[in-house]
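In the working numbering, the protein residues as written are 581 to 735.
Yeah, the Cβ is synthetic: ideal placement off N, Cα and C, and Gly gets one too.
The structure presented is a predicted model; accordingly, all values stated were derived computationally and were not measured.
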Ligand code: FES
């Protein structure tokens with residue numbers, strides 16, 4: 581078994597060699613939207629690998645492509661559904677963000693203050709920054725955002 585450590589919560593889970601990082605997230609009860617069903621086509625399983633990134637399989641071309649479109653990407657970013665565990669003692673940090681998948685879901689937050697940035701689930705664009713009160717006028721500015729996920733092509 582291999583260990584995956586969650587920096588923010590200081591919890592650790594054990595996974596089998598060749599398991600996906602996504603399996604570690606799900607076994608630690610991390611709520612992952614998995615909009616694309618785990619095919620490397622969205623932003624919702626994005627994690628930062630803060631220790632032993634070489635203990636994961638190399639990035640797939642699909643993962644590189646998806647990460648290249650995301651605004652919150654860092655040098656240690658990975659998509660948890662694409663990275664498989666091949667070594668031990670991996671540490672992850674979870675992005676401090678919240679994804680919404682529809683305009684109506686955004687509208688339901690009017691009047692609330694964001695604790696974390698609210699991001700588009702496909703490209704990770706920041707729709708509303710952290711610590712902002714979500715106003716109706718902010719919604720007006722966002723009403724043309726495309727939440728049509730039919731463009732996701734899963735093989
Ligand atoms: S679940 Fe969509 S990229 Fe991983």
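What did DSSP end up calling residue 712 once you bin it into helix, strand or coil?
If DSSP states are grouped into helix, strand and coil, residue 712 belongs with coil.
So for residue 677, helix, strand or coil by DSSP?
coil
Cβ-based neighbour list, residue 632, same chain, cut-off 8 Å, excluding 5 preceding and 5 following:
667, 668, 669, 670 and 671
Where does the unbroken alpha helix (DSSP H) through residue 686 begin, and where does it stop?
In the DSSP assignment, residue 686 falls within the alpha helix (DSSP H) that extends over 683 to 687.
Residues in the same chain with beta-carbon distance under 6 Å from residue 697, minus the five sequence neighbours each way, listed in chain order, please.
677, 706, 709 and 710, listed in sequence order.
Measuring CA to CA, which of 651, 658, 591 and 634 is closest to residue 620?
658
Count the other C-beta atoms from every protein chain shown that fall within 10 angstroms of the C-beta of residue 646, then say buried if there are 16 or more, exposed otherwise.
It is buried - the Cβ of residue 646 has at least 16 other Cβ atoms within 10 Å.
Can you tell me which residues form a DSSP beta bridge with residue 606?
The partner list for residue 606 (beta bridge, DSSP) is empty, contrary to what the question assumes.
Compute every distance between the C-beta of residue 624 and the non-hydrogen atoms of the ligand FES, then say whether any falls below 7 Å.
Yes, the beta carbon of residue 624 sits closer than 7 Å to at least one heavy atom of the ligand FES.
When 689, 674, 699 and 607 are compared against residue 588, the one with the closest alpha-carbon:
674
Measure from the alpha carbon of residue 700 to the alpha carbon of each residue in 715, 722 and 618, then state which is nearest.
Of the listed residues, the one whose Cα sits closest to residue 700 is 722.
Measure the Cβ-Cβ separation of residue 665 and residue 616 and say whether it is below 8 Å.
Their beta carbons are not under 8 Å apart, which means residue 665 does not touch residue 616 by this criterion.
Separation of residue 595 from residue 691, as counted between CA atoms
41 Å
Quick one, which of 583, 651 and 717 has its alpha-carbon nearest residue 591's?
583
With residue 630 as the anchor, note down where its beta strand (DSSP E) starts and where it stops.
626 to 631
Taking 7 Å as the line, does the beta carbon of residue 621 fall inside it for any heavy atom of the ligand FES?
yes
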